[in-house]
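Numbering (this note's numbering), first residue to last: 191 to 294.
Don't be surprised by glycine CBs; every beta carbon is placed ideally from N, CA and C.
Owing to the predicted nature of the structure, the values given are computational and were not obtained by experimental measurement.
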């Protein structure tokens, strides 16, 4: 299942969001948060995100692609987005069939 999830309520649409790449499974699986590059000025979400997420899916991982805040935002905004994404993933672990201590 592929779905976009906003990380912060009230922020500009997808200024910081993540896309889910969930496996159709009844058995809990490990998960990976893909954080594409971009050098704090852009996020290579389309070219680096989905290809990596789908590769992890083929290996049996649920995957999530982070679209984090970049310029004019400054550090620690991208780090805060990554921390928030992991918290959301952990918070939905049971619903999404994720092993909570196997999130990378």
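Of the residues the options, the one placed nearest residue i, counting alpha carbons only
| i | options | result |
| --- | --- | --- |
| residue 285 | 213, 207 and 196 | 213 |
| residue 271 | 241, 223, 280 and 197 | 197 |
| residue 293 | 229, 245 and 221 | 221 |
| residue 283 | 216, 249 and 265 | 216 |
| residue 264 | 243, 229 and 244 | 229 |
Burial state of residue i (16 or more Cβ within 10 Å)
| i | result |
| --- | --- |
| residue 192 | exposed |
| residue 251 | buried |
| residue 253 | buried |
| residue 336 | No answer is possible for residue 336: the residues shown for the chain start at 191 and end at 294. |
| residue 223 | buried |
| residue 268 | buried |
Anticipated Cβ contact below 8 Å, residue i with residue j, distance rounded
| i | j | result |
| --- | --- | --- |
| residue 260 | residue 226 | So it is not a contact: roughly 11 Å between Cβ atoms. |
| residue 209 | residue 239 | 7 Å |
| residue 289 | residue 219 | 7 Å |
Nonlocal neighbours in the same chain, by C-beta distance under 6 Å from residue i, ignoring five residues either side
| i | result |
| --- | --- |
| residue 194 | 207 and 209 |
Residue-level contact to chain C via CB, residue i, 8 Å cutoff
| i | result |
| --- | --- |
| residue 294 | Structure shown: chain C not included; a single protein chain is present. |
Own chain partners of residue i with C-beta closer than 7 Å, once the 5 adjacent residues on each side are dropped
| i | result |
| --- | --- |
| residue 205 | 259 |
Could you tell me whether the stretch 272 to 280 touches the stretch 229 to 241, using the rule of 3 or more Cβ pairs below 8 Å?
Taking a contact to require three or more Cβ pairs closer than 8 Å, the stretch 272 to 280 and the stretch 229 to 241 do not qualify as touching.
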